[in-house]
Amino acid sequence: MTDDEYKNIKKKPHYLYVVNLKTNNNKCWGFLCVDSNELTNISDDKKKKIKLLVAEHANHLQHLISLKTN
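Number 65 in numbering that gives the first Met the number 0 belongs to position 66 of the sequence shown; there are no gaps in the numbering.
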């Protein structure tokens, strides 16, 4: 992803809930966007759990990607 593409993502519409996927050294390598209209009735606690779940799956995805490239 180019810097311009990332900046455009950061100018996201208000209805997108974005979770950054980061490496262990805190570099963003991807993101997950969810229509926040779907999260309207979800508590902040559940939103935090969603972020944790995404992070766990992101680590697994990163591992699979590294296997393919190595």
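Even for Gly, the Cβ is constructed at its ideal location relative to N, Cα and C.
For clarity, every value in this text was computed on a predicted model and none was experimentally measured.
Annotated three-state conformation of residue 19 is strand, per DSSP. Nearest to residue 36 by alpha-carbon distance, out of 20, 19, 25, 46, is 46.
A check of alpha carbon separations from residue 50 across 65, 32, 26, 2 identifies 32 as the nearest. DSSP places residue 38 outside any beta strand (DSSP E), giving it a letter other than H or E.
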